[in-house]
Structure formats: C-alpha cells, structure tokens
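**Q**
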Amino acid sequence: LFTMIDDNNSSDDEEFKRKWNSFREPSEPFNFEQCVEEIESHPAFIKQLSEDDKPMSEAMQALQALKYDSDQPPEELAMEYKVDGNKWFLKGNYDIAIKSYTEGIKLHCSDKNLNSILYANRGAAHFLLKNFRSCLKDCSRAKMLNPAHKKAIKRGVQCLISLGEFDAALDWLRELKAQSSSDSELDEVKSLKMAIAEQRNARFELEKLREHEAEKEATETTSLFVALTQRRVKFRGMKLQLGNFKVADFEVPLLAESCRVHLKDGFLLWPVLFRNAEHESLGLIKDFHEQLKFEEQLQEMAKEEPFYSPLDVELYFYSCLEPDTLVFVPLGQNLGAALSHEHYEISDNLPDFYCINKTTPYHAQFLTGMKMQVSSEDCSQSFTFVSDDI
Numbered sequence: 040l041f042t043m044i045d046d047n048n049s050s051d052d053e054e055f056k057r058k059w060n061s062f063r064e065p066s067e068p069f070n071f072e073q074c075v076e077e078i079e080s081h082p083a084f085i086k087q088l089s090e091d092d093k094p095m096s097e098a099m100q101a102l103q104a105l106k107y108d109s110d111q112p113p114e115e116l117a118m119e120y121k122v123d124g125n126k127w128f129l130k131g132n133y134d135i136a137i138k139s140y141t142e143g144i145k146l147h148c149s150d151k152n153l154n155s156i157l158y159a160n161r162g163a164a165h166f167l168l169k170n171f172r173s174c175l176k177d178c179s180r181a182k183m184l185n186p187a188h189k190k191a192i193k194r195g196v197q198c199l200i201s202l203g204e205f206d207a208a209l210d211w212l213r214e215l216k217a218q219s220s221s222d223s224e225l226d227e228v229k230s231l232k233m234a235i236a237e238q239r240n241a242r243f244e245l246e247k248l249r250e251h252e253a254e255k256e257a258t259e260t261t262s263l264f265v266a267l268t269q270r271r272v273k274f275r276g277m278k279l280q281l282g283n284f285k286v287a288d289f290e291v292p293l294l295a296e297s298c299r300v301h302l303k304d305g306f307l308l309w310p311v312l313f314r315n316a317e318h319e320s321l322g323l324i325k326d327f328h329e330q331l332k333f334e335e336q337l338q339e340m341a342k343e344e345p346f347y348s349p350l351d352v353e354l355y356f357y358s359c360l361e362p363d364t365l366v367f368v369p370l371g372q373n374l375g376a377a378l379s380h381e382h383y384e385i386s387d388n389l390p391d392f393y394c395i396n397k398t399t400p401y402h403a404q405f406l407t408g409m410k411m412q413v414s415s416e417d418c419s420q421s422f423t424f425v426s427d428d429i
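Numbering (my numbering), first residue to last: 40 to 429.
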C-alpha cells in the first residue's frame, strides 16, 4: 500500500485523497447471498452435484478424479458408479442417477451381470421420469445380458403397457411367467396380465370414442357449412369453402368460454352483441335463435336492463357495401333475416348491432351525416329507401 502511494509522487493533495479513498472504498457493496452461494459452490463445502448439464469446475473434476481413479480395474469403477447411482436414486435425484449408471456402462467391463444391473437400474430411473421408450431400451439390454433379470422384464412389461404395445407386453409377460415359481411371482404375472387387458380395452374404447367424435364433427361441419351457405351469410376475411371449413374456426375470440354459431334442431343459434353506443356498454346474447324477432329478444333483455325496452330502442348496423351508410333493422324482423341482408357482414364471428335510444339527444347525433337504408322483411327485395336528411 505505502509503496503504491510513494510511487505516486503527486504534490496535489486532492488527487492524493481521491486515490486513497478509491483504494479504501470497495468497488461493490457486500452481498451476503452472493457470498453464501460462492461458499456452497466451493468443492470443499458442496453437498450435491448440479443436476443440469453444465461442465464441472476444475476443482470438482479433480475431486472426481480422486474418487474414480483410472488405474482401478473397470469392474471396480463400474461398481462404484453403480453404488453412487443407487444413492442418487434413493434420494429421488433420478437425472444424476442416470448419469452415474451411464458412466458405469461406458466402461464396458467384462462382468455381464454388473452391466445388466447398470442397464436395469438406469431403466428404473427412466421409468420414474416417464421416459418409457428409454426405459424399454435399457430393459431390453439388461435382458440380453441376463435373460433371468426378472425386474428388468417386469419393468419392460410396464413400459410396453404405457406405450400401448399390448402384444409385445404379452410376449414379455410369457418370458416372466416361465421364470416365475413362487405364488407371489405368479400372482404378479396374473396382475400384469389383467392390467394389459384393462388398458387394451380402455384404449379400444378411447379409439371408438375418438372415431365417434370425428364422425360427429364431420357431420356438424357439413351441416353448418350447408346452413350458412344456404342463408348467404358473409364473414369478413373468410370465404366459405367446404374443403377448408372447420367448426372450430367460428369460435369467438377474446371470450373466456366457448362461444360460436351452431345448429340445433335444424336452426342456427348465434352469439350476438348489442352495442349501446351512447353509454359505451355491451350486451352479449350467447344463443340467439335465428327465428326469434329482435323485439322478443329485447323484451327479455329489458327485464334486467331497462335501456333495451323495444318501445324506445332502434337497431342499426353499418353497411359493408356502402361507406357512411347505416341500415335500419325493424324490431319485428328476426335475426336470420338481418344476417342474410346483402349489406351485412360478420366480423370476428360475432354479429353485432347498434342499440340507439330514440328518446335521447344522442339519437340525432348518431345518425348525423349518415346515409340510411331499411332492412326489408324480404331479404330478396332491393333496398330503395335512402335519406340524406336524417
């Protein structure tokens, strides 16, 4: 320290103080948690290996080298890896156990029985991690090295059941039965056979259910497509074609629960949004029957919200063909007629209409500057009523 100061040779006191203080003050404040982490990661204090794939530090590699001496015979090293793997397995650290067993397997020691155990134990760890295909491969190798390894055969049966390979599971089960002699072992074989039968039946029923659902969806898709095309309903940004027509495409986005147009007894039921533009509020009807008149639906809504009284409300929608044009919807008209109107186009799979209270000043404000047409009861008629002076 004093040598550094003496070498400075500065006659400027302020410069001297600045350098002195910069040396005394730590560059970063003391962080207790960081200090603890550094201590715990030191090889002298570490409690367990990291479970990720990060390479070990040089110090940790040195400690590992001390334990697994390359001068040891492969059989002894493989046995040590097996013992370590078993310890990690019992602690529930299956990933680290797999690494230990794998290191033992890599040694290719001459002891076939030990190699069989390493494969079987690694398979057990894979099984508990639900890596069924990896487990099955290890059980197959264990069985090849030791055909009498009952635990490996049993676990292989369980893997094949989980993978839905029931015929192969029965083949493995026959091998297990041939080696079983005690009553408990035979009972275990019987239990596994029942499990195969139950899972096979369950899988068969599930496949039947999926086929039924697929047929049902195909029927619903065709019926909905025909219904929409017959009614000449238009969707913004979507052209109805049977080849790429999917019922799921008609789900209303941004809604928490499923909501879409669907058929019931041959009639369409629609989700419909009523926009109260004056008060910037919305009213959603999830199943608006296409044959129901607007005045009937509004009467139901008025029971909870008086604003929707048919005596005071007028309905409009914006024309998709002419700019600055509103189409007036008579309350005696049904929903289906309005949606089939040539000027109507559905956005985001959700039909919407503007509810305007004709008794308030906002009514005139809403219509100012807009051209207007009237939705006819007969949608095939042309719309000739246009008023520039609202």
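Here a beta-carbon is modelled for each residue, glycine too, at the ideal position from N, C-alpha and C.
In whole angstroms, give me the CA-to-CA distance for L406 and L374.
**A** Roughly 22 Å between the two C-alpha positions.
**Q** Mind checking which residues open and close the alpha helix (DSSP H) that includes M340?
**A** Looking at the DSSP string, the run of the alpha helix (DSSP H) that includes M340 is F333 to A341.
**Q** Using a 10 Å radius around the Cβ and a threshold of 16 neighbouring Cβ atoms, would you call E384 buried or exposed?
**A** That one is buried.
**Q** On a CA-only basis, which of E343, P345 and H382 is nearest P362? Give me that one, please.
**A** Nearest C-alpha to P362: H382.
**Q** So what does DSSP say about T268, is it helix, strand or coil?
**A** Residue state, collapsed to three classes: helix.
**Q** Using 8 Å as the threshold, is the C-beta distance between F367 and Q412 below it?
**A** Contact flag set, yes.
**Q** Note down, in chain order, each residue of its chain lying with its Cβ closer than 7 Å to the Cβ of Q389, except the 5 sequence neighbours on either side.
**A** The displayed chain sequence assigns Leu, not Gln, to residue 389. Contacts found: V291, P310 and L312.
**Q** Quick check: E30 and P345, are their CB atoms within less than 8 Å of each other?
**A** Because the chain in this structure spans residues 40 to 429, residue 30 falls outside the shown range and cannot be described.
**Q** Following the continuous alpha helix (DSSP H) through L394, name the residue where it begins and the one where it ends.
**A** For the sequence presented, residue 394 should be read as Cys rather than Leu. Element bounds for C394: not the alpha helix (DSSP H) but the beta strand (DSSP E), D391 to N396.
**Q** Indicate the three-state DSSP secondary structure (helix, strand or coil) for K255 in the structure shown.
**A** If DSSP states are grouped into helix, strand and coil, K255 belongs with the helices.
**Q** Just to confirm, are I144 and I200 a CB contact at a threshold of 8 Å?
**A** Contact flag unset, no.
**Q** Please report the Cβ distance between L267 and V286, rounded to the nearest whole angstrom; I am assuming they are in contact, meaning their Cβ atoms lie under 8 Å.
**A** L267 to V286, Cβ: 11 Å. No contact.
**Q** Under a Cβ-count criterion, where at least 16 other Cβ atoms within 10 Å of its own Cβ denotes burial, should D46 be classed as buried or exposed?
**A** Low confidence applies to D46: its pLDDT is 45, below 50, so where it sits in the model is not reliable enough to give any reading.
**Q** For the candidate residues N283, L168, T261 and K325, whose alpha-carbon lies nearest to that of G305?
**A** Per the Cα distances, T261.
**Q** Quick one: what's got a C-beta closer than 6 Å to K126's C-beta in the same chain, skipping five residues either side?
**A** So no residue of the chain qualifies.
**Q** From the DSSP output, in three-state form, read off M277 for me.
**A** The answer is strand: DSSP assigns M277 an E or B state.
**Q** Excluding the five sequence neighbours on either side, which residues of its own chain have a C-beta within less than 8 Å of the C-beta of C359, listed in chain order?
**A** The answer, listed in chain order, is K273, R275, H382, Y383 and E384.
**Q** State the Cα-Cα distance for the pair H165 and I135, rounded to the nearest angstrom.
**A** Answer to the nearest angstrom: the Cα atoms are 11 Å apart.
**Q** If you draw a straight line from the alpha carbon of A159 to that of E214, how long is it in whole angstroms?
**A** In a straight line, the C-alpha of A159 is about 16 Å away from that of E214.
**Q** Excluding the 5 residues preceding and the 5 following L146 in the sequence, name in chain order all residues of the same chain whose CB lies nearer than 6 Å to its CB.
**A** P113, L116 and A117, listed in sequence order.
**Q** Pick out whichever of Q111, S223, E227 and L323 has its Cα sitting closest to the Cα of E343.
**A** Checked all of Q111, S223, E227 and L323; the closest Cα to E343 is L323.
**Q** Considering only residues of the same chain and omitting the five flanking positions on each side of N168, which have a CB-CB separation below 6 Å?
**A** The displayed chain sequence assigns Leu, not Asn, to residue 168. So the list reads Y133, once near-sequence residues are dropped.
**Q** In the DSSP assignment, find the alpha helix (DSSP H) that holds Q372 and state where it starts and stops.
**A** Premise fails: Q372 is in no alpha helix (DSSP H) and is neither H nor E.
**Q** Could you check how far apart the C-beta atoms of K332 and Q372 are, in whole angstroms? I think they sit under 8 Å.
**A** Sure, about 7 Å apart at Cβ, within 8 Å.
**Q** Please name the residue, chosen from R314, L129, R172 and A191, that lies closest to L157 on a Cα-to-Cα basis.
**A** Closest by alpha carbon: A191.
**Q** According to DSSP, simplified to helix, strand and coil, what is M409?
**A** In the structure shown, M409 sits in coil (DSSP, three-state: anything other than H, G, I, E or B).
**Q** Among the residues of its own chain, which have a CB less than 7 Å from the CB of K138, if the five just before and after it don't count?
**A** Answer for K138: no residue qualifies.
**Q** Please list, in chain order, all residues of the same chain as Q238 whose beta carbon is under 6 Å from its beta carbon, the five residues on each side excluded.
**A** Cβ neighbours of Q238 beyond the five flanking positions: I200.
**Q** Nearest-angstrom Cα distance between D150 and L245?
**A** Near 46 Å, if we compare the C-alpha coordinates of L245 and D150.
**Q** Sort out for me which residues DSSP pairs N315 with in a bridge.
**A** Its beta-bridge partners are S320.
**Q** Which first and last residues belong to the alpha helix (DSSP H) in which L215 is found?
**A** F205 to Q218 is the extent of the alpha helix (DSSP H) around L215.
**Q** Where does K278 land, buried or exposed, given buried means 16+ other C-beta within 10 angstroms?
**A** Burial call: exposed.
**Q** Pull up the CB-CB distance for F355 and Y393, whole angstroms please, since I reckon it's below 8 Å.
**A** Reading off the sequence, residue 355 comes out as Tyr, not Phe. Indeed they touch by this definition, with Cβ atoms about 5 Å apart.
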